[in-house]
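Chemist: Before I ask anything, here is the structure I am working with.
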């Protein structure tokens, strides 16, 4: 057994060395992916440290607090050695395995890490006399640093990984290095940690399987009309604009959680705009193109296909940002073709847009622009994925690092993670405008955003609106969405808050009976006031939204057949564009 272990350790070391050497060759002829300090962390930390240094009494108190905490830990450890129970450590799923608490050495290791990590993050959070944006940057990257140095991330200090190493005579580490080498190769020399088993899912076969037809295709999007699931449907069709940052089939992962299937079963004629995964020829596309050739053309074709004179629209995430700007543009022109609109996790006011604001200052935008230029004018899908992964590094980076490499496990067959890894590219012109105009200048909220030759004034939008936000959303924070809802001039605005986050809060089929949601017909000045008057309900918010939508979707008519409309079917759903890989 020891001989096998020794051989496997040597084999794993050689595999790691070989993989890193090949990665270096991959990178040799490429420009540096990032500058030494792309996020401008150095100046932020200098400001924070200078503030602490200017208040020695506060720094002394922090040091005393750290010493006191360690004294308590050492005292508790000594008592534990004498047979007395230790107070439970702070709950943290990284250390949920009993191996962390059963062994006194590893128990001490995790407790000291949690203690020091909490102290470091608290120290930065307590700084008061620096610019809030600078402090937010320092806090975010301190959290990234402390997350990275968790003992769970290292083989020698992870008892679960060491146990697997011993039980498999080193095979777990060999398998882990095989996974490591495969991920380096997949990333072309950059480490792209696998989050899901790509081989277990095929778009159109076991994900994105709702029946329907592509009824329009141009060089920007495919328009999909889904089959009716009822004998009658509402007269007013429903057109969904998903984000172009991801692919639309988050709305149609499995039959059991497919929002598209569920909406069809409620009697709605569902259309989805499936954006093209842009190549280099799309580098110059901007918001005007996505308005005129995207939103307006999708509206034109939906109405042509159904014979309706109006439709209801849905915008998810950045698709909702575009839809809001389009509604303002339509209001300025007196265009009445959208009867009512719904926004899922969509922001129009970016003043409180959370940690993503850290990735939108000019220092980082310059890095993004350099990456896009090197890629020929598009943002590679992996670059955006890296940003989102960094926002939840423990869940989306380190958990897979441990599982794939330290434990040697295969990535899970999980449809949501498969979708999350199925990234798209973004055109340079559009993406830079989004970062600078929305996040940087907050132009849409301030009423100075120019689109389609007009200034978008959200206060002129008077149609019924429904806003959904999620309580734990780290991409479109609930307060940011609430602020957005109050920008519109409509007298009929409904705001609903769901449990969970940016994805699970939105995609939560009623049959799952998960989470909860809150409703309040009023729209007071702040989210806190709204929450104070809100009523909590168990389960999904979808039924609440469906009731709102039924009331605004017109009379029932015989169900529509996508194959029998004026637009000839071009391909079965989910179409071609969604299958294009980055």
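In my numbering, the protein residues as written are 3 to 584.
All C-beta atoms, glycine included, are put in the ideal place defined by N, C-alpha and C.
Keep in mind that this is a model prediction, so the values were computed, not measured.
Counting Cβ pairs closer than 8 Å, one from the region 271 to 282 and one from the region 421 to 432, do we hit at least three?
Modeler: Touching, per the Cβ criterion.
Chemist: Which residue comes first and which comes last in the alpha helix (DSSP H) that contains residue 399?
Modeler: In the chain shown, counting from the first residue as 1, residue 399 sits at position 397. Looking at the DSSP string, residue 399 is not in any alpha helix (DSSP H), and its letter there is neither H nor E.
Chemist: Rank 524, 144, 390, 117 by C-alpha distance to the C-alpha of residue 74 and give the top, closest one.
Modeler: For this step, residue 74 is matched to residue 72 along the chain shown. Residue 74 has its Cα closest to that of 117, out of 524, 144, 390, 117.
Chemist: Scan the region 324 to 380 and note each continuous beta strand (DSSP E) run of 3 residues or more that stays entirely inside, going in chain order.
Modeler: Those beta strand (DSSP E) runs which fall completely within the region 324 to 380 and span 3+ residues are 340 to 346.
Chemist: Going by other Cβ atoms of all chains shown within 10 Å of its Cβ, with 16 needed for buried, is residue 27 buried or exposed?
Modeler: Walking along the chain shown from the start, residue 27 turns up at place 25. When all chains shown are included, residue 27 counts as exposed.
Chemist: Thinking just about the alpha-carbon of each residue, which of 99, 96, 15, 77 is nearest to the one in residue 89?
Modeler: For this step, residue 89 is matched to residue 87 along the chain shown. Cα-wise, what sits closest to residue 89 is 77.
Chemist: If we call anything under 7 Å between Cβ atoms a contact, is residue 454 one with residue 293?
Modeler: On the chain shown, residue 454 is found 452 positions in, with the first residue counted as 1. On the chain shown, residue 293 is found 291 positions in, with the first residue counted as 1. Their beta carbons are under 7 Å apart, which means residue 454 touches residue 293 by this criterion.
Chemist: Report all residues from its chain with a CB closer than 6 Å to the CB of residue 345; omit the five preceding and five following residues, and keep chain order.
Modeler: Within the chain shown, the letter at position 343 stands for residue 345. Closer than 6 Å at Cβ, skipping near neighbours: 317, 322, 469.
Chemist: Ignore the nearest five residues each way along the sequence and tell me which others in residue 492's own chain have a CB closer than 7 Å to its CB.
Modeler: One-based indexing of the chain shown puts residue 492 at position 490. Closer than 7 Å at Cβ, skipping near neighbours: 463, 464, 465, 466, 467.
Chemist: Quick one: residues in its chain with C-beta nearer than 6 Å to the C-beta of residue 13, no 5 flanking neighbours on either side, listed in chain order?
Modeler: As a position in the chain shown, residue 13 is number 11, starting the count at 1. Excluding sequence neighbours, residue 13 sits near 176.
Chemist: Any chance the region 538 to 546 sits against the region 513 to 523, with 3 or more Cβ pairs inside 8 Å?
Modeler: The region 538 to 546 vs the region 513 to 523: in contact.
Chemist: So, do the region 393 to 413 and the region 323 to 336 have three or more beta carbon pairs nearer to each other than 8 Å?
Modeler: At 8 Å Cβ cutoff, the stretches do not touch.
Chemist: According to the neighbour-count rule (16 or more other Cβ atoms, all chains shown, within 10 Å of its Cβ), is residue 413 buried or exposed?
Modeler: For this step, residue 413 is matched to residue 411 along the chain shown. With 16 or more Cβ atoms within 10 Å of its Cβ, residue 413 is classed as buried.
Chemist: Can you check DSSP and say which residues form a bridge with residue 538?
Modeler: As a first step, residue 538 must be located in the chain shown, where it is residue number 536. DSSP, once it has assigned bridges, lists 520 as partnering residue 538.
Chemist: Thinking residue 434 and residue 287 are a contact (beta carbons under 8 Å), I'd like their distance in whole angstroms, please.
Modeler: Numbered from 1 along the chain shown, position 432 holds the residue referred to as residue 434. Numbered from 1 along the chain shown, position 285 holds the residue referred to as residue 287. Not really, about 11 Å apart at Cβ, beyond 8 Å.
Chemist: Return helix, strand or coil for residue 312, following the three-state DSSP convention.
Modeler: Here the question's residue 312 lines up with position 310 in the chain shown. If DSSP states are grouped into helix, strand and coil, residue 312 belongs with coil.
Chemist: Between the C-alpha atoms of residue 498 and residue 531, what's the straight-line distance to the nearest angstrom?
Modeler: The sequence position of residue 498 within the chain shown is 496, counting from 1. The sequence position of residue 531 within the chain shown is 529, counting from 1. Computed Cα separation, rounded: 14 Å.
Chemist: Between which two residues does the beta strand (DSSP E) carrying residue 469 extend?
Modeler: For the purposes of this step, residue 469 is identified with residue 467 of the chain shown, where counting begins at 1. Looking at the DSSP string, the run of the beta strand (DSSP E) that includes residue 469 is 467 to 472.
Chemist: Given 8 Å as the limit, is there contact between the region 160 to 168 and the region 96 to 108, that is, 3 or more CB pairs closer than that?
Modeler: Result yes; three or more Cβ-Cβ pairs closer than 8 Å.
Chemist: Would you kindly check if the distance between the Cβ of residue 205 and the Cβ of residue 495 is under 7 Å?
Modeler: Stepping through the chain shown from its first residue, residue 495 is reached at position 493. Stepping through the chain shown from its first residue, residue 205 is reached at position 203. Not a contact, by the Cβ cut-off of 7 Å.
Chemist: May I ask you to verify whether the region 521 to 531 touches the region 548 to 565, counting CB pairs closer than 8 Å and requiring at least 3?
Modeler: The region 521 to 531, when compared against the region 548 to 565, does not touch it at the 8 Å Cβ threshold.
Chemist: Thinking C-alpha only, which one of 388, 503, 137 is nearest residue 473?
Modeler: Stepping through the chain shown from its first residue, residue 473 is reached at position 471. The shortest C-alpha separation from residue 473 is found at 503.
Chemist: Just mark residue 98 as buried or exposed, buried being the case when its beta carbon has 16 or more other beta carbons within 10 Å.
Modeler: In the chain shown, residue 98 corresponds to position 96, counting from 1. Classification of residue 98: exposed, given that the 10 Å Cβ count is below 16.
Chemist: For the alpha helix (DSSP H) that residue 169 lies in, which residues bound it at each end?
Modeler: For this step, residue 169 is matched to residue 167 along the chain shown. 161 to 169 is the extent of the alpha helix (DSSP H) around residue 169.
Chemist: Among the candidates 256, 86, 72, 142, whose CA atom is the shortest distance from the CA of residue 110?
Modeler: Translated into the one-based positions of the chain shown, residue 110 becomes position 108. Ranking the options by Cα distance to residue 110, first place goes to 72.
Chemist: Kindly indicate which three-state DSSP category residue 504 falls into: helix, strand or coil?
Modeler: Here residue 504 refers to the residue found at position 502 of the chain shown. Looking at residue 504 - three-state DSSP - the assignment turns out to be coil, as it is neither helix nor strand.
Chemist: Counting only the same chain and skipping the five closest in sequence on each side, list residues whose C-beta sits under 8 Å from that of residue 546.
Modeler: As a position in the chain shown, residue 546 is number 544, starting the count at 1. Closer than 8 Å at Cβ, skipping near neighbours: 498, 519, 521, 539.
Chemist: Considering only their Cβ atoms, is the gap separating residue 156 from residue 227 smaller than 7 Å?
Modeler: Taking the first residue of the chain shown as position 1, residue 227 is located at position 225. Taking the first residue of the chain shown as position 1, residue 156 is located at position 154. Contact flag unset, no.
Chemist: Please report how far the alpha carbon of residue 359 lies from the alpha carbon of residue 244, in whole angstroms.
Modeler: Counting from one through the chain shown, the residue named residue 359 turns up at place 357. Counting from one through the chain shown, the residue named residue 244 turns up at place 242. Distance between the alpha carbons of residue 359 and residue 244: 22 Å.
Chemist: For residue 487, which residues from the same chain have a beta carbon less than 6 Å from its beta carbon, with the 5 sequence-adjacent residues on both sides left out?
Modeler: Here residue 487 refers to the residue found at position 485 of the chain shown. The residues are 469, 495, 497.
Chemist: Could you check which residue in 106, 310, 297 has the C-alpha nearest to that of residue 84?
Modeler: Taking the first residue of the chain shown as position 1, residue 84 is located at position 82. Nearest C-alpha to residue 84: 106.
Chemist: If you check the beta carbons only, do residue 313 and residue 239 fall under 7 Å apart?
Modeler: In the chain shown, residue 313 corresponds to position 311, counting from 1. In the chain shown, residue 239 corresponds to position 237, counting from 1. A contact, by the Cβ cut-off of 7 Å.
Chemist: Quick check: what's the CA-CA separation for residue 439 versus residue 17?
Modeler: As a working note, residue 439 is residue 437 in the chain shown. As a working note, residue 17 is residue 15 in the chain shown. Roughly 47 Å separates the two Cα atoms.
Chemist: According to DSSP, which residues form a beta bridge with residue 236?
Modeler: The residue you call residue 236 lines up with position 234 of the chain shown. 558.
Chemist: Classify residue 332: buried if its beta carbon has 16 or more other beta carbons within 10 angstroms, exposed otherwise.
Modeler: Position 330 of the chain shown, counting from 1, holds the residue named residue 332. Its Cβ being crowded by 16 or more others within 10 Å, residue 332 is buried.
Chemist: Just checking, does the region 253 to 263 make contact with the region 212 to 226 on the three C-beta pairs under 8 Å criterion?
Modeler: Taking 8 Å as the limit for Cβ pairs, the verdict is that the region 212 to 226 does touch the region 253 to 263.
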